[in-house]
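Trainee:
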C-alpha cells in the first residue's frame with residue numbers, strides 16, 4: 001500500500017496503527033481537495049476557526065479514549081462541562097478570586113468524576129447507566145444552582161483564558177494541543193496508563209497481573225471529568241458567560257470522535273492520536289460543508305454515516321483476517 | 001524428593017454444595033502432578049484456592065514448609081504459584097512483549113516504559129523457548145495455538161515455583177502440544193513443579209509423574225502413573241466400573257432417507273456428498289480445518305454455500321436458514337453449547353422449549369404453560385437432567401447436564417435427522433455414558449444421527465460408518481468392520497485418496 005521511497009509515510013505507519021494512518025491519509029486528501037475547491041479553506045482564520053471549534057471535543061476526547069480503552073464509558077461529560085462553567089461563574093460573580101473560582105469549578109467536575117468512578121468500580125454498576133444518571137442529575141443540579149439562567153458579566157481576568165492570544169492564536173487551541181501531545185505520550189509510554197489496555201481487554205486477567213483495577217477505573221473517570229471541566233472553563237471564558245445548556249450532546253460527539261479514531265466500546269483498543277484525528281476529521285468535515293454552502297442539517301447525517309462506515313470497515317477487516325487464520 | 005507444596009484438609013463450601021471436601025496432597029520440586037476428575041469433582045475449586053482466587057473455608061496451604069495465606073491472586077503469584085486458565089487473558093491490541101511482561105514492563109522514572117529493554121528481554125526470553133516471534137508483533141495477529149502457548153509462557157516468565165495448567169492443550173495442534181510438553185519437561189528439570197489438570201487421560205500418561213483423582217470434592221487417591229491404567233483412572237473418577245461406555249450397535253439399518261449432494265463453499269468444503277440411513281449413526285472425523293462443522297452449519301443454512309442440494313425422503317428440500325431446517329426436522333446440536341447452544345441466563349424450562357416454541361402456543365398466540373410444564377418435566381426425566389428445579393438457570397448446571405439439556409431441547413421439534421457436533425466435549429465420563437445411551441435410543445426409533453467428533457475412540461465405539469474429511473474434501477469412508485485409528489488418521493492427514501482405498505480393498 002505504501003510506495004517505495006515514501007519514507008515519511010512509512011515511518012508514520014510504524015508509529016501509528018492502521019486506523020491513525022488511514023485517517024491521516026484521508027485528512028490529507030480531504031484537505032487537498034478542499035484547498036482547491038475553496039480559497040478560504042487554507043487561510044489562517046479558517047484553520048483557527050476549525051481548531052477552536054473542535055477544541056472542546058478534542059480536549060475531552062483525550063480522557064474519553066483513555067476511559068474507553070479500559071472498557072468504561074462516560075455520558076456525563078456534557079453536563080460536567082456546563083456544571084464547571086456555572087460553578088466558576090457563580091463564584092466569580094460572588095467575588096471569589098479568579099484562581100479559586102477556577103479551582104472550585106474543577107473541584108465540582110472532580111466530584112462528578114469521583115461519583116461516577118466509585119459507582120462503577122466499587123458498586124459494579126454498568127457505566128452506561130451510572131453516567132446516564134449523573135448526566136441528568138448534574139444538569140438538574142446546575143439548573144437549580146443557576147436558577148435556569150446563564151451566568152453573565154464574567155470579569156475580564158477570567159475571560160482572557162478563552163479569548164487571549166499567543167502568536168495570534170487563541171489559548172484554547174494551545175491547551176488542546178498540549179493535552180493531546182501529553183496524553184498521547186503518557187498513554188503510549190507509561191506503565192500506569194498502559195494498565196488500561198489490560199483492564200479493557202480482560203479485567204479478570206488484569207487483576208491477576210496485580211493491577212489495582214478499581215483504583216485505575218476511579219482515576220479514569222476523574223481524569224475525563226477534569227478534562228470536561230477544563231473544556232467547560234475554556235468555553236465559558238470564550239463566551240464570557242456560563243450557559244446552562246452548553247455541552248448537551250457533547251458526550252456523543254466526543255465518543256463518535258474516539259471511535260472514528262479507532263477506539264472500541266468493548267475496550268482494549270484506541271489511542272489519543274486516533275481520537276484527536278477523529279475529532280479533527282469531524283471538525284474539518286463540518287467546516288467543509290459550511291464552506292461549500294451545504295445545508296447544516298446534512299452534517300449529522302454525514303457524520304453518522306461515517307461513524308458507522310468506519311466501524312463496518314473494522315468489522316470486515318477483522319472477519320477477513322479471521323478467515324485467513326482459520327484457513328492456515 | 002524435596003516437597004514444595006502441601007495442602008492439608010482444604011475445604012470450600014459454595015451455597016448448596018461442598019465443592020472441596022477435606023483435601024490433602026503434596027507436590028515435590030520438579031514434579032508433574034496430573035489432576036483428573038469429572039466435571040464438578042472440585043479440580044477447579046482446588047486450583048483456585050491454591051492460586052489465591054478463592055479463600056479456603058478450612059485447611060492450610062504450605063509452600064516450602066511454611067504456611068501461607070493468600071488474600072488475592074497477586075499474593076499467590078508473589079509467593080510463587082501461578083495459574084493458566086483455558087480462556088485466554090491476552091490483550092490483542094498489545095504486542096507480544098507487553099503481553100508477556102504485563103504490568104511488569106521495565107520502566108524508568110515516572111513509569112515511562114523502556115521499550116528497547118522490554119524488547120531485548122522479550123527476545124531473550126522467547127529464545128530460551130525456541131519460539132520465533134517478533135516481540136513487537138501484535139498478539140491479535142497470532143494463531144490460536146500461538147496465543148495459547150504465549151499464555152503459558154507469560155505465566156512461566158514470572159518464574160513460579162508451582163505452575164497450575166488447566167487443560168492447556170484444548171486448542172493446540174498435535175505439534176504445538178508436543179512443543180509444550182518438551183518445554184514442560186525442560187522446566188521440570190530446572191526444578192519447576194506442575195499441577196496439570198486435564199480431561200485427556202492419554203496426556204496423563206504422556207507427561208505426568210503422579211496422578212491425583214478427585215470425585216465429588218474428595219481426594220479419591222493419588223498413584224504413580226507407571227502403576228495405573230486408563231481404566232483404573234476411569235473407575236476411580238466415576239466410582240464405579242463402566243462396563244460398556246458406548247453400548248451395543250443395532251444390527252439392522254433402514255434405507256437411505258437423507259442425502260446431501262455436491263456441497264461446495266470455496267475455502268471451507270468442496271463437493272461433499274453423503275447419505276444417511278434410518279437409524280444410522282454416521283461419524284465425521286477430521287483434523288482442525290477439515291470443514292466438518294462448516295459443512296454441518298451449511299446444511300442448516302447457518303453457513304454460506306456456493307452450491308449443494310439436500311434430499312429428505314426422496315424429496316429435494318430447500319434450506320435457506322435454520323428456520324427452514326427446523327421445519328424439516330433437521331436439528332443441529334452445536335459444538336459450543338455455551339457460545340451458541342444454550343441461553344445461559346435463562347431457566348432450564350425456557351431453554352428446553354426454545355426451538356419448538358410455536359408448538360406450545362395457543363390459537364390466541366399465548367404460551368400454554370400447562371403443556372410446557374408437562375413437556376419439560378417429561379424431558380428432564382427422560383434425559384436424567386440433575387437439577388433441584390426447572391426454574392434454575394442453565395448456567396448453574398454442570399457441563400454434562402448442560403449437554404443433556406442441549407440434546408433434550410431439540411426433541412421438541414421431533415427431529416428426523418440430528419447433526420451433532422462434538423457430542424461430549426467437556427463432558428465427564430458418567431454423563432458421556434448417558435449421552436451415548438440416549439443417542440442409541442434415538443437411533444433405535446429410526447432417527448439418523450450424524451456425529452461430528454474429534455474424539456476417535458468415541459467415533460469408533462459409536463458409529464456404523466465413519467466419513468473422514470481433509471481440507472474440505474471427503475478423503476475416506478469406512479464401514480464398522482474396517483475401523484482402525486491408523487486408517488482413519490491416514491485419511492484425516494490426507495495421505496490417502498479414495499481411489500487408493502478402493503485398490504486396497506478391491
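Protein chains in written order, with UniProt numbering: chain R, 1 to 328; chain V, 1 to 506. Built from N, CA and C at the ideal position, the CB exists for glycine as well.
Near residue 64 of chain V, which residues of its chain fall below 7 angstroms by C-beta distance, leaving aside the five closest residues on each side in sequence?
Mentor: Mapped onto the second chain, residue 64 of chain V falls at position 64. Correct list, in chain order: 4.
Trainee: Do you know how far the Cα of residue 354 of chain V is from the Cα of residue 376 of chain V?
Mentor: Against the second chain, residue 376 of chain V aligns to sequence position 376. Against the second chain, residue 354 of chain V aligns to sequence position 354. Residue 376 of chain V and residue 354 of chain V: Cα-Cα distance of roughly 11 angstroms.
Trainee: Which residues in the same chain as residue 401 of chain V place their Cβ atom closer than 8 angstroms to its Cβ, once the five residues preceding and following it in sequence are excluded?
Mentor: Position 401 of the second chain, counting from 1, holds the residue named residue 401 of chain V. Here the set comprises 385, 386, 387 and 431.
Trainee: Starting from the C-beta of residue 463 of chain V, find all residues in its chain whose C-beta is less than 6 angstroms away, skip the five residues before and the five after it, and write them out in chain order.
Mentor: If you number the second chain from 1, residue 463 of chain V lands on position 463. Cβ within range, chain order: 281 and 283.
Trainee: Assuming residue 179 of chain R and residue 80 of chain R are in contact, meaning their beta carbons sit under 8 angstroms apart, how far apart are those beta carbons, in whole angstroms?
Mentor: Counting from 1 along the first chain, the entry for residue 179 of chain R is found at position 179. Counting from 1 along the first chain, the entry for residue 80 of chain R is found at position 80. Actually they are not in contact, since the Cβ atoms of residue 179 of chain R and residue 80 of chain R sit about 16 angstroms apart, beyond 8 angstroms.
Trainee: Let me know the secondary structure DSSP gives residue 430 of chain V once reduced to three states.
Mentor: Here the question's residue 430 of chain V lines up with position 430 in the second chain. Residue 430 of chain V falls in the helix class under three-state DSSP.
Trainee: For a contact defined as C-beta to C-beta under 8 angstroms, what are the partners of residue 268 of chain R on chain V?
Mentor: For the purposes of this step, residue 268 of chain R is taken as the residue at position 268 of the first chain. Per Cβ cutoff of 8 angstroms: 91, 92 and 93.
Trainee: Closer than 7 angstroms by C-beta to residue 391 of chain V: which residues in its own chain qualify, once you throw out the five before and the five after it? Chain order, please.
Mentor: Your numbering for residue 391 of chain V matches position 391 in the second chain. Same-chain partners within the cutoff: 347 and 349.
Trainee: Per DSSP, what kind of secondary structure is residue 2 of chain R in: helix, strand or coil?
Mentor: Position 2 of the first chain, counted from the first residue, corresponds to residue 2 of chain R. Low local confidence applies: a pLDDT of 39 at residue 2 of chain R is under 50, so the model's placement there is unreliable, and no value is given.
Trainee: Please list the partners that residue 211 of chain R has in chain V, where partner means a Cβ-to-Cβ separation under 7 angstroms.
Mentor: Along the first chain, read from residue 1 onward, the residue named residue 211 of chain R stands at position 211. Result: 103.
Trainee: Three-state secondary structure (DSSP) at residue 121 of chain V?
Mentor: On the second chain, residue 121 of chain V is found 121 positions in, with the first residue counted as 1. Helix.
Trainee: Is residue 149 of chain V buried or exposed, if buried means 16 or more other CB atoms sit within 10 Å of its CB?
Mentor: Translated into positions along the second chain, residue 149 of chain V becomes position 149. Burial call: buried.
Trainee: Between which residues of its own chain and residue 238 of chain R is the CB-CB distance below 7 angstroms, once the five residues before and five after are set aside?
Mentor: By 1-based counting over the first chain, the position of residue 238 of chain R is 238. Only 162, 163 and 172 meet the Cβ criterion.
Trainee: Report buried or exposed for residue 204 of chain R, applying the criterion of at least 16 other Cβ atoms within 10 angstroms of its Cβ.
Mentor: Start at 1 with the first residue of the first chain, and residue 204 of chain R comes out as number 204. Residue 204 of chain R is exposed by the Cβ-count criterion.
Trainee: Quick check: what's the CA-CA separation for residue 497 of chain V versus residue 459 of chain V?
Mentor: Here the question's residue 497 of chain V lines up with position 497 in the second chain. Here the question's residue 459 of chain V lines up with position 459 in the second chain. Reliability of the predicted coordinates at residue 497 of chain V is poor, the pLDDT of 49 falling under 50, and the value obtained from them is presented with this limitation in mind. One C-alpha to the other measures close to 21 angstroms.
Trainee: Per DSSP, what kind of secondary structure is residue 139 of chain R in: helix, strand or coil?
Mentor: Your numbering for residue 139 of chain R matches position 139 in the first chain. Of the three classes helix, strand and coil, the one that applies to residue 139 of chain R here is helix, per DSSP.
Trainee: For a cutoff of 8 angstroms on Cβ pairs, would you count residue 189 of chain R as touching chain V?
Mentor: For the purposes of this step, residue 189 of chain R is identified with residue 189 of the first chain, where counting begins at 1. Answer yes: the Cβ-Cβ gap between residue 189 of chain R and chain V drops below 8 angstroms somewhere.
Trainee: Mapping the DSSP letters down to three states, classify residue 212 of chain V as helix, strand or coil.
Mentor: Within the second chain, the letter at position 212 stands for residue 212 of chain V. Residue 212 of chain V falls in the strand class under three-state DSSP.
Trainee: What residue from R:73, R:119 and R:169 has the CA that sits closest to residue 45 of chain R's CA?
Mentor: Translated into positions along the first chain, residue 45 of chain R becomes position 45. Answer by Cα proximity: R:169.
Trainee: Listed in chain order, which residues of the segment 264–291 of chain V have Cβ atoms closer than 8 angstroms to some Cβ of chain R?
Mentor: Flagged, chain order: 267 and 289.
Trainee: Please name the residue or residues paired with residue 415 of chain V in a DSSP beta bridge.
Mentor: Locating residue 415 of chain V in the second chain gives position 415, counting from the first residue. None; residue 415 of chain V has no bridge partner.
Trainee: Exposed or buried, which one is residue 298 of chain R when buried takes at least 16 other CB atoms within 10 Å?
Mentor: Walking along the first chain from the start, residue 298 of chain R turns up at place 298. Per the 10 Å Cβ criterion, exposed.
Trainee: If you compare alpha carbons, which of V:314, V:448, V:263 and V:183 is closest to residue 298 of chain V?
Mentor: Translated into positions along the second chain, residue 298 of chain V becomes position 298. For residue 298 of chain V, the nearest C-alpha among the options comes from V:263.
Trainee: At a cut of 8 angstroms, does the segment 172–188 of chain V reach the segment 143–160 of chain V through at least three beta carbon pairs?
Mentor: Yes, they touch.
Trainee: Can you tell me whether residue 451 of chain V is helix, strand or coil according to DSSP?
Mentor: Within the second chain, numbered from 1, the residue matching residue 451 of chain V stands at position 451. It is a strand residue.
Trainee: Quick check: residue 106 of chain R and residue 226 of chain R, are their CB atoms within less than 8 angstroms of each other?
Mentor: Looking up residue 106 of chain R in the first chain gives position 106. Looking up residue 226 of chain R in the first chain gives position 226. Their beta carbons are under 8 angstroms apart, which means residue 106 of chain R touches residue 226 of chain R by this criterion.
Trainee: Exposed or buried, residue 365 of chain V, counting other C-beta atoms within 10 Å across all chains shown (16 or more means buried)?
Mentor: Here residue 365 of chain V refers to the residue found at position 365 of the second chain. Label assigned to residue 365 of chain V: exposed.
Trainee: Pairing CB atoms from the segment 198–216 of chain V with CB atoms from the segment 224–231 of chain V, are three or more of them under 8 angstroms?
Mentor: The segment 198–216 of chain V, when compared against the segment 224–231 of chain V, does touch it at the 8 angstroms Cβ threshold.
Trainee: Which residues share a DSSP beta bridge with residue 421 of chain V?
Mentor: Translated into positions along the second chain, residue 421 of chain V becomes position 421. Answer by DSSP bridge pairing, in chain order: V:452.
Trainee: Contact criterion: CB-CB distance below 8 angstroms. Does residue 84 of chain V meet it with respect to chain R?
Mentor: Start at 1 with the first residue of the second chain, and residue 84 of chain V comes out as number 84. By this cut-off, residue 84 of chain V is not an interface position.
Trainee: Go through the segment 228–296 of chain V residue by residue and report every complete run of the alpha helix (DSSP H) that reaches 4 residues or more, in order.
Mentor: Runs found: 230–238.
Trainee: Going by Cα to Cα distance, which pick from R:284, R:114 and R:271 is closest to residue 220 of chain R?
Mentor: If you number the first chain from 1, residue 220 of chain R lands on position 220. Closest option to residue 220 of chain R, Cα to Cα, is R:114.
Trainee: Along the segment 329–341 of chain V, what residues have a CB closer than 7 angstroms to any CB found in chain R?
Mentor: Answer in chain order: no residues at all.
Trainee: Answer with yes or no whether the minimum CB distance from residue 73 of chain V to chain R is below 8 angstroms.
Mentor: Locating residue 73 of chain V in the second chain gives position 73, counting from the first residue. Output row for residue 73 of chain V: interface = yes.
Trainee: Out of V:21, V:437, V:487 and V:453, which has the shortest C-alpha to C-alpha gap to residue 507 of chain V?
Mentor: Residue coverage of chain V in this structure runs from 1 to 506, which leaves residue 507 of chain V outside it and unanswerable.
Trainee: Do you know offhand how far residue 290 of chain R's Cα is from residue 128 of chain R's?
Mentor: Taking the first chain and counting its residues from 1, one reaches residue 290 of chain R at position 290. Taking the first chain and counting its residues from 1, one reaches residue 128 of chain R at position 128. Whole-angstrom Cα-Cα distance: 33 angstroms.
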